[in-house]
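Numbering (this note's numbering), first residue to last: 7 to 645.
We put the CB at the ideal spot given by N, CA and C, even for glycine.
Predicted model only: the values in this text are computed from it and were never measured.
Accompanying notes for the structure given below.
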Amino acid sequence: MKKIYAVLMAISLIWIVFLPLTSTTNICHGQVSRRIYLDPSQNTFYSNETSVGQRFNVTVLTEIDTDVGGAQIRLEFNDSIINVTRWICPHGDPDFFLPEPPPATELPTSPDPGYVHVGPGVGYVKIAVSKGGLPPGPPWGHSGKIAIFEFIITAAPPEGEELTCSLHINTTDTYLLDPGGDEISDVVKEDGTYTFIYVAAPVVPHIWLETSPSEYEAIKMRPFNVSVNIRNVSESDGLIGVQFILTYDSAYLEPERVIPGDFLSNSSWAPYGTLVTNYVNHRGLIYGEMILPDNTGKWNPPYPQGDGTIATITFIPLHHQVANFNIAIEPLFGEFFLDKTGEWIPSLPSKYCQYSYSPLPLPTIGVTPNRYIASQVGENFNINITISNLDEGWNLTYVEFTLTYDNASLQILDVLEGPFLSQFGDTSFNYIKDDGQLKVNTTLIPNIGYPSGSGTLTIITFNATTRPPAVSALNLIDISMLDAEGFEILYGLSHGYYEMHEYLIHEIIVDTTTFYVTTLSNGSISPAQLDIYHCLLKFNITGKDGTAGFIDITIPNNLLWAEDGWLVIVGGEAVPVTVTALNATHTMLSFNASFSTKSVYIIGTGAIPESSLSILMIFLLTITLLAITTKLHGKCKKH
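Now the structure itself:
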């Protein structure tokens, strides 16, 4: 049995003492070779991408067809070109060759590699790992990782040459132990190599730019960010500058802000900072950034490496409509990357962001009903401010609006919060009345999700205060609907309108009989009067100058009638008239007029039968007219 460190020997003796007391089950791994080997076995580096100080790992593994109780590894190398900085016992790694718990025993305890310098260009490390537990017991070891050694490169090859050495484990001090503490026979120990070559490896494009995110779907006009990231940069690239054009559809997107990333400006390789330029033209957003040289105009290592962000661009959608296009990264003047010698660095194709806009449906805020007609002074009525077709995706939390109205025609009696927003959480409702304006705002703190659907925001009770002409636009202005982040929500808008259509009953008394004539109009009508002798009704109509008015009048058939059609004269001009209803007792007429203050004559062909006095007066008038006519006729004959 080989001699190893004292502790490992002691543990082996304990195994031998307690082995008869424990049952052991051998694990069959099939027909495999018995070997200890390195991964990677060939460790090759190139001077154009590696420098002194770089570290690399070599893993020692075993492939075995029998139970293993422990291992010792001696690794020799040329310590004038590389050295071991530490070793790692791969506890917890599912590929560790010794099952745990209990934890395996290490000698020396990691990370101390037990380095020994033998002589010029010769050094070694020696470690041992054995099954844990007192006494150790199954399950025993198997194929897997034994140890990991971390090396550091301490010397660079001369120009056109290479530095190489063996990673030598094929020694008598490298072996595997069985559960009894004896060395396992027929184990092949495979050496590895380390090589540092001055000749550069073939230049293959490996660096590229890409957007993050690679896909973005917008549903509302909110700012969003697209980052341009650089990938797979090697220090050997000697990168000092990046340039690109970010292309997009300028009809739908506008860049709001450009923030340089932290990759090129990293103080590790840009101690003097960077020079950044960006602007927008017809091609897209142009961006360029270069590391500043030292005071001699030179760029010195270390150079950038790894991945990082070059710039972040904030875009704002310009339209709430469907759109699909790519936000792509294009080379400026055909190139992306500049190296320290002023040469362009080959690159892989850039990767774009697929942008789409799928608009949320717009909610509508409006006046309901959108037209209200009052019929008398003093009438009270409600006007509601409503919201409809609200999608939860808008995240509505605040509504503000101003309702304008004619305070000469209308008076606000009461203002109440509608039930819509309060069903989604706690609300704060406020309003101010101010000279024909009602300013309202409601704040929502949602507790069951954001509002959706349709409903009433505010209930306003008005009183009709004046006779016609009484009209008022009910317009919504200064509307602001905000989401949870304070962004404006787009909306449709529906205004309202109020007017008074006055309904009057006119009493007309003839002898002892009372007749009722009714009028309905958006103007102010004076009491109607009957002219029996000319078979007409007359009154005055008053409305706002230049506005259109209407008059509907209902006349008893036994008061005034027209056998050959009605004649209506407004302000001295005949206007079209329509018989809208006719029955056995009444006739309804309708006509329009351009308003100011005008006299209205409604002329028929017959009126209520006259009293006896009236008949006598007509008879006398007729005789008089005949006499005058005869006299005039005689005079005419004399001429």
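What residue range does the beta strand (DSSP E) around Glu82 cover?
Taking the first residue of the sequence shown as 1, we reach residue 82 at position 76. Its beta strand (DSSP E) spans residues Gly76 to Phe83.
Would you tell me roughly how many angstroms separate the C-alpha atoms of Arg41 and Phe51, rounded to the nearest one?
Taking the first residue of the sequence shown as position 1, residue 41 is located at position 35. Taking the first residue of the sequence shown as position 1, residue 51 is located at position 45. So the alpha carbons of these two residues sit roughly 26 Å apart.
Compare the beta carbon distance of Ile152 and Val64 with 9 Å and say whether it is the shorter of the two.
The residue you call residue 152 lines up with position 146 of the sequence shown. The residue you call residue 64 lines up with position 58 of the sequence shown. No, they are not a contact pair.
Below 6 Å CB to CB, which residues in the same chain sit around Asn481 once its five sequence neighbours on both sides are set aside?
Numbered from its first residue, the sequence shown carries residue 481 at position 475. Result list for Asn481: Thr410 and His501, in chain order.
Which whole-angstrom value is the C-beta distance of Leu173 and Gly247, which I expect to be below 8 Å?
Here residue 173 is taken as the residue at index 167 of the sequence shown, counted from 1. Here residue 247 is taken as the residue at index 241 of the sequence shown, counted from 1. In fact, because the Cβ distance is near 40 Å, the residues do not count as touching under 8 Å.
Let me make sure I understand the geometry here. Which of Asn390, Gly384, Ser364 and Leu368 has the alpha-carbon closest to that of Pro375?
Counting from one through the sequence shown, the residue named residue 375 turns up at place 369. Considering only alpha carbons, the answer is Asn390.
Given this structure, state the Cα-to-Cα distance separating Leu595 from Val585, to the nearest angstrom.
For the purposes of this step, residue 595 is taken as residue 589 along the sequence shown, with counting starting at 1. For the purposes of this step, residue 585 is taken as residue 579 along the sequence shown, with counting starting at 1. The alpha-carbon atoms of Leu595 and Val585 are separated by roughly 5 Å.
Where Gln327 falls: helix, strand or coil (DSSP):
What you label residue 327 is simply residue 321 of the sequence shown in a count that begins at 1. Of the three classes helix, strand and coil, the one that applies to Gln327 here is coil, per DSSP.
Considering only residues of the same chain and omitting the five flanking positions on each side of His97, which have a CB-CB separation below 8 Å?
Locating residue 97 in the sequence shown gives position 91, where the first residue counts as 1. Closer than 8 Å at Cβ, skipping near neighbours: Glu106, Pro109 and Ala110.
To test your reading of the DSSP string, which unbroken beta strand (DSSP E) runs of 3 or more residues are found completely within the segment 496–578?
498–500, 502–506, 508–516, 519–527, 535–537, 542–548, 554–562 and 573–576
Could you say if the segment 156–172 and the segment 129–141 meet the contact criterion of at least three C-beta pairs nearer than 8 Å?
no
Run through DSSP, which three-state label would Leu368 get?
Taking the first residue of the sequence shown as position 1, residue 368 is located at position 362. If DSSP states are grouped into helix, strand and coil, Leu368 belongs with coil.
Who pairs with Tyr258 in a beta bridge, going by DSSP?
Position 252 of the sequence shown, counted from the first residue, corresponds to residue 258. Partner(s): none; Tyr258 has no beta bridge.
Checking 9 Å against the spacing of the C-beta atoms, do Asp397 and Leu366 come in under that value?
By one-based count along the sequence shown, residue 397 stands at place 391. By one-based count along the sequence shown, residue 366 stands at place 360. In this structure, Leu366 lies closer than 9 Å to Asp397 by Cβ.
What's the gap between the Cα of Thr524 and the Cα of Thr464?
Translated into the one-based positions of the sequence shown, residue 524 becomes position 518. Translated into the one-based positions of the sequence shown, residue 464 becomes position 458. Those two C-alpha atoms are separated by around 37 Å.
Distance between Ile547 and Pro472 (C-alpha atoms, nearest Å):
Start at 1 with the first residue of the sequence shown, and residue 472 comes out as number 466. Start at 1 with the first residue of the sequence shown, and residue 547 comes out as number 541. Pro is not the amino acid found at residue 472; the sequence shown has Thr there. So the alpha carbons of these two residues sit roughly 16 Å apart.
My parser needs the beta strand (DSSP E) runs of 3 or more residues fully inside the segment 148–210; what are they?
150–159, 168–173, 181–183 and 198–203
Could you pull the DSSP bridge partners for Glu223 from this structure?
Locating residue 223 in the sequence shown gives position 217, counting from the first residue. Answer by DSSP bridge pairing, in chain order: Ser362.
Could you tell me the boundaries of the beta strand (DSSP E) in which Ala476 lies?
Residue 476 sits at position 470 when you count from the first residue of the sequence shown. Looking at the DSSP string, Ala476 is not in any beta strand (DSSP E), and its letter there is neither H nor E.
Assign Trp350 to one of three DSSP states: helix, strand, or coil.
Within the sequence shown, residue 350 is the residue found at index 344, counting from 1. Looking at Trp350 - three-state DSSP - the assignment turns out to be strand.
Three-state secondary structure (DSSP) at Leu427?
Within the sequence shown, numbered from 1, the residue matching residue 427 stands at position 421. In the structure shown, Leu427 sits in a helix (DSSP, three-state: H, G or I).
Of the choices Asp197, Thr318 and Arg289, whose alpha-carbon is the least far from that of Glu216?
If you number the sequence shown from 1, residue 216 lands on position 210. Considering only alpha carbons, the answer is Thr318.
Answer yes or no: do Met487 and Tyr363 have a C-beta to C-beta separation smaller than 9 Å?
Taking the first residue of the sequence shown as position 1, residue 487 is located at position 481. Taking the first residue of the sequence shown as position 1, residue 363 is located at position 357. No.
Using only alpha-carbon positions, find the residue among Gly610, Asn563, Ala554 and Asn564 that is nearest to Phe597.
For the purposes of this step, residue 597 is taken as residue 591 along the sequence shown, with counting starting at 1. Among Gly610, Asn563, Ala554 and Asn564, the Cα nearest to that of Phe597 is on Ala554.
Please tell me whether Leu543 and Ile614 are closer than 9 Å, where the distance is taken between their beta carbons.
Mapped onto the sequence shown, residue 543 falls at position 537. Mapped onto the sequence shown, residue 614 falls at position 608. It is not a contact, given that the beta carbons lie outside the stated cut-off.
Determine the DSSP secondary structure at Ser458, reduced to helix, strand or coil.
As a position in the sequence shown, residue 458 is number 452, starting the count at 1. If DSSP states are grouped into helix, strand and coil, Ser458 belongs with coil.
Since Ile175 and Leu44 should fall inside the 8 Å C-beta cutoff, what is the C-beta to C-beta distance between them, to a whole number of angstroms?
Position 169 of the sequence shown, counted from the first residue, corresponds to residue 175. Position 38 of the sequence shown, counted from the first residue, corresponds to residue 44. So it is a contact: roughly 7 Å between Cβ atoms.
Rounding to the nearest angstrom, what Cα-Cα distance links Phe435 and Ile483 in this structure?
As a first step, residue 435 must be located in the sequence shown, where it is residue number 429. As a first step, residue 483 must be located in the sequence shown, where it is residue number 477. The alpha-carbon atoms of Phe435 and Ile483 are separated by roughly 18 Å.
Is the distance from the Cβ of Lys445 to the Cβ of Phe407 below 9 Å?
As a first step, residue 445 is located in the sequence shown; it is residue number 439 there, counting from the start. As a first step, residue 407 is located in the sequence shown; it is residue number 401 there, counting from the start. Yes, these two residues count as a Cβ contact at 9 Å.
Do you know offhand how far Ile351's Cα is from Ile316's?
Your numbering for residue 351 matches position 345 in the sequence shown. Your numbering for residue 316 matches position 310 in the sequence shown. Their Cα atoms are separated by approximately 16 Å.
So, is Pro126 buried or exposed, given that buried needs 16 or more other C-beta atoms within 10 angstroms?
In the sequence shown, counting from the first residue as 1, residue 126 sits at position 120. Result: exposed.
Measure the Cβ-Cβ separation of Ser242 and Asn54 and say whether it is below 9 Å.
The residue you call residue 242 lines up with position 236 of the sequence shown. The residue you call residue 54 lines up with position 48 of the sequence shown. Cβ atoms of Ser242 and Asn54: closer than 9 Å.
Straight-line CA distance for Pro652 to Thr449?
This structure cannot settle anything about residue 652, because the visible part of the chain is limited to 7 through 645.
Within the same chain, show all residues whose beta-carbon is closer than 7 Å to that of Thr283, passing over the 5 residues directly before and after it, in chain order.
The residue labelled residue 283 in the question sits at position 277 within the sequence shown. For Thr283, where only same-chain residues beyond five positions count, the Cβ hits under 7 Å are Gly294.
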